[in-house]
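Take the sequence shown: its position 294, counting from 1, is numbered 294 in this note's numbering, and each next residue is one higher. So the structure is just underneath, and the comments pick up after that.
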Amino acid sequence: MRPHFTYGIFLDNTSKSYFDMGKEEAERYYFAADGGDLDYYFIAGETMRDILGAYTGLTGRTALPQKWTLGYHQSRWGYITEDDIMDVAEKMRQCRIPCDSIHFDIDYMDAFKVFTWNRKNYKDPKKTLQKLTEMGYKPVTIIDPGVKKEDGYDVYEEGIKNGYFAFSAENELYVNEVWPGDAVFPSFTNPKVRSWWADKQKFLIDMGVRGVWNDMNEPASFKGPLPDDVQFADEDDTVILHKDAHNIYGHCMAMATKDGWLKYDGRRPFIITRAAYAGTQRYALVWTGDNQSIWAHLQMAIPQLCNLGLSGFSYAGTDVGGFGADTTKELLARWVQVGCLSPLFRNHSAQGTRKQEPWQFDKELLEIYRKYVELRYHLLPYIYDCFFESEQTGLPIMRPLMLNFEKDAETYEINDEFMVGEWLLAAPVVTQGTTMRLVYLPEGAMWYDFWTGEKYKGGQYITKKAPLDTMPLFVRAGAVLPLYPLMQYVGEKEVEDLTLAVYSGIGNYIHYQDDGESFAYKKGGYNAYVFSQNNGRLQIKDAVKNYEKPYKGFYVKICRDGVTALSETPGEYLNAE
Ligand code: MIG
Numbered sequence: 001m002r003p004h005f006t007y008g009i010f011l012d013n014t015s016k017s018y019f020d021m022g023k024e025e026a027e028r029y030y031f032a033a034d035g036g037d038l039d040y041y042f043i044a045g046e047t048m049r050d051i052l053g054a055y056t057g058l059t060g061r062t063a064l065p066q067k068w069t070l071g072y073h074q075s076r077w078g079y080i081t082e083d084d085i086m087d088v089a090e091k092m093r094q095c096r097i098p099c100d101s102i103h104f105d106i107d108y109m110d111a112f113k114v115f116t117w118n119r120k121n122y123k124d125p126k127k128t129l130q131k132l133t134e135m136g137y138k139p140v141t142i143i144d145p146g147v148k149k150e151d152g153y154d155v156y157e158e159g160i161k162n163g164y165f166a167f168s169a170e171n172e173l174y175v176n177e178v179w180p181g182d183a184v185f186p187s188f189t190n191p192k193v194r195s196w197w198a199d200k201q202k203f204l205i206d207m208g209v210r211g212v213w214n215d216m217n218e219p220a221s222f223k224g225p226l227p228d229d230v231q232f233a234d235e236d237d238t239v240i241l242h243k244d245a246h247n248i249y250g251h252c253m254a255m256a257t258k259d260g261w262l263k264y265d266g267r268r269p270f271i272i273t274r275a276a277y278a279g280t281q282r283y284a285l286v287w288t289g290d291n292q293s294i295w296a297h298l299q300m301a302i303p304q305l306c307n308l309g310l311s312g313f314s315y316a317g318t319d320v321g322g323f324g325a326d327t328t329k330e331l332l333a334r335w336v337q338v339g340c341l342s343p344l345f346r347n348h349s350a351q352g353t354r355k356q357e358p359w360q361f362d363k364e365l366l367e368i369y370r371k372y373v374e375l376r377y378h379l380l381p382y383i384y385d386c387f388f389e390s391e392q393t394g395l396p397i398m399r400p401l402m403l404n405f406e407k408d409a410e411t412y413e414i415n416d417e418f419m420v421g422e423w424l425l426a427a428p429v430v431t432q433g434t435t436m437r438l439v440y441l442p443e444g445a446m447w448y449d450f451w452t453g454e455k456y457k458g459g460q461y462i463t464k465k466a467p468l469d470t471m472p473l474f475v476r477a478g479a480v481l482p483l484y485p486l487m488q489y490v491g492e493k494e495v496e497d498l499t500l501a502v503y504s505g506i507g508n509y510i511h512y513q514d515d516g517e518s519f520a521y522k523k524g525g526y527n528a529y530v531f532s533q534n535n536g537r538l539q540i541k542d543a544v545k546n547y548e549k550p551y552k553g554f555y556v557k558i559c560r561d562g563v564t565a566l567s568e569t570p571g572e573y574l575n576a577e
């Protein structure tokens, strides 16, 4: 950023590359790559938004996801049997923790063979998934790239017959070890291999799975990294060496996976990937992989997700509670507060660590957990709107303050606060034992405390009490926040009346409504409402009216200084007049 312009540089090179942003010499940026073409873009504009718009115009934008994917997801590596899964599914409903998805980690497979299901631990997997579906869950399964080397295993044999797997420098089948033991690696860089892999998705879709989680696609391997000279098949059946393909391996796997879901499911694909390249946001969302249950990794979650957002990945998340090592009650309480405003909201943990579903601690934790998952479900239409706009502008959901307040230099170094869209500012506690924190409120706006309705002028630091059950959260004056009534999962009930929380000030807001699943919105199949307010006077206009189930009405609640728009629990408020 410079006083009168901003620029971005995108190096489009898949070989091992280097970036030195003023480390060696403060006045010099330096980037290079070991191979490939010197292919880079210089993007100029006035603001960071311009750069992001142009960069995502070039590399692609995160598409509007299915609405349920924005709900809460529960996962753990260690749900081994169908009883384990059903137990989680039932407890979630008993404890009244809203939840839309349960994720199946590698243990659902037979001997870690991709596109198989373990019949010892699941008598009838289709039936189990059917049961989950009836309870409102949308099952998501993990898929790794490594294919078990085993005679008679169809995926392996098909790949061998067609030459779909990578070869060593000596032109022999390249074998390394991953979960299934000796395994081989599909050449996702080749369109034929991608279309074969796309067809494989049918196995999951027919089973009743609703999304895929691609793991280990760096590709990761247990017996050391793949050598540089391992040979993959490229686009035109020529060879691309691992050293040039490594950075796009996950990208190409995501591409294949998405194609399969478009072909056999037809709804907006929900594909999560661990490895990605510039532009992978067109195919998949990302999660930040194996974090640890430590405070430093909760702190890191905010800049990580904001940086991903600035890199085109509007849809991203961290493992809530931390993946490796044992979480604690306090850490989990603080993590769910960050997680509930992260684009992907999933609790996940590693086998052998302390369990961290919301009921694994005490009543206090369960209540805190529920408060923030419920907050997420009330805010779903707001978050969905952010995604709707992200597809048009490239602007992320979760943003560093500076993206919204570029003129306020005080925001530049803040990485323990973030914006959700234009109107919400979160200042979570990310340090142990803290019950009060400083919050910077950007200049050029007035702010309301979400919980108490207190009004503050921007351009100042304030101190906020933040006991374990409180995440300081602020709404920019002028906001009209669309809110849903409480639901245990998306689709539990039709939302006929939308609640609008109006935070006195001046502002316009566009709200979108559609079927939440199909591609009809792309052809205009949605409703758009424009909410304009002038110091609490609200006007509602139907700007687009193509979706056949418009709202029947709106509940409006106005927040002025000291008058709380939302009571402690939004649920109570929503039932009020
Ligand atoms: O070698 O599938 O990042 O989320 O639970 C570990 C087991 C493999 C790594 C993923 C993690 C997942 C785990 N996987």
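Glycine included, every Cβ here is placed at the ideal spot set by N, Cα and C. These figures come from a predicted structure and were not determined experimentally.
Taking the CA atoms as reference points, Pro219 sits about 24 Å from Ala325.
Distances from the CA of Ala278 to each of Trp261, Gln292, Tyr249 and Ile294 were compared; the closest alpha carbon is that of Tyr249. Cβ contact annotation for Asp319 (same chain, cutoff 6 Å, sequence separation greater than five): Asn291 and His348, in chain order. With a cut-off of 7 Å, the C-beta of Ile9 is classified as distant from ligand 1, since no heavy atom of the ligand falls inside that distance. For the beta strand (DSSP E) assignment, the uninterrupted runs of no fewer than 3 residues enclosed by the region 56-91 are, from N- to C-terminal side, 72-74. Sixteen is the threshold: when 16 or more other Cβ atoms of the shown chains lie within 10 Å of the Cβ of Gly339, as they do, the residue is buried. For the set Met48, Ala198 and Lys91, the Cα lying nearest the Cα of Phe5 is the one of Met48.
Judged by the Cβ position, Met300 fails to qualify as a neighbour of ligand 1 at the 7 Å threshold, every heavy atom of the ligand being at least this far. Every unbroken stretch of the beta strand (DSSP E) spanning 3 or more residues and falling wholly within the region 190-257 is given here in chain order: 211-214, 231-233 and 239-241. Pairing Arg437 with Ser504 gives a Cβ-Cβ distance that is not under 8 Å. Under the three-state reduction of DSSP output, Thr273 falls in the strand class. Under the three-state reduction of DSSP, Ser390 is assigned to helix. In the DSSP assignment, the residues bridged to His103 are Val140.
Inclusion of Tyr372 and Val336 in the CB contact set at 8 Å is warranted, their separation being smaller than that value.
Taking non-hydrogen atoms of ligand 1 into account, the C-beta of His511 is found less than 7 Å away from none of them. Bounds of the beta strand (DSSP E) holding Asn534 are Asn527 to Asn534. Distance from the CA of Asp408 to the CA of Pro400, rounded to the nearest whole angstrom, comes to 12 Å. If you look at Tyr283, you'll find it isn't in any alpha helix (DSSP H); DSSP assigns it neither H nor E. Beta-bridge partners of Thr470 (DSSP): none assigned. As the crow flies, the alpha-carbon of Pro225 is around 20 Å from that of Phe112. Look at Ile102: its beta carbon is at least 7 Å from all of the heavy atoms in ligand 1.
Looking from the CA of Leu11, the closest CA among Pro3, Tyr41, Gly36 and Thr257 belongs to Tyr41. Shortest gap from the CB of Asp215 to any heavy atom of ligand 1: under 7 Å. Counted as a single uninterrupted DSSP element, the stretch harbouring Pro482 is not any alpha helix (DSSP H) but the beta strand (DSSP E) occupying residues Val480 to Leu483. Residues of the same chain with a CB within less than 8 Å of the CB of Pro65, apart from the 5 flanking positions on each side, are Arg268, Phe270, Leu285, Tyr315 and Phe387 in chain order. Proximity of the beta carbon of Phe115 to ligand 1 is not indicated: no heavy atom of the ligand is located closer than 7 Å. By DSSP's assignment, Pro186 forms a beta bridge with Phe165. Between Leu500 and Val530, the gap from beta carbon to beta carbon reaches 8 Å or more. Taking a 10 Å sphere around the C-beta of Thr189, we find 16 or more other C-beta atoms and assign the residue as buried. One thing to note: Gly146 has its Cβ within 8 Å of the Cβ of Pro180.
In the DSSP annotation of this structure, the continuous segment of the alpha helix (DSSP H) that includes Cys306 starts and ends at Trp295 to Leu310. Under the 8 Å Cβ criterion, the region 100-116 counts as touching the region 132-144, having at least three qualifying pairs. Check the Cα spacing between Asp469 and each of Leu365, Phe203, Val544 and Trp423: the tightest is with Leu365. Within the DSSP secondary-structure output, Phe554 pairs in a beta bridge with Leu498. DSSP lists no beta-bridge partner residue for Lys126. Counting only the Cα atoms, Lys464 lies some 16 Å from Met446.
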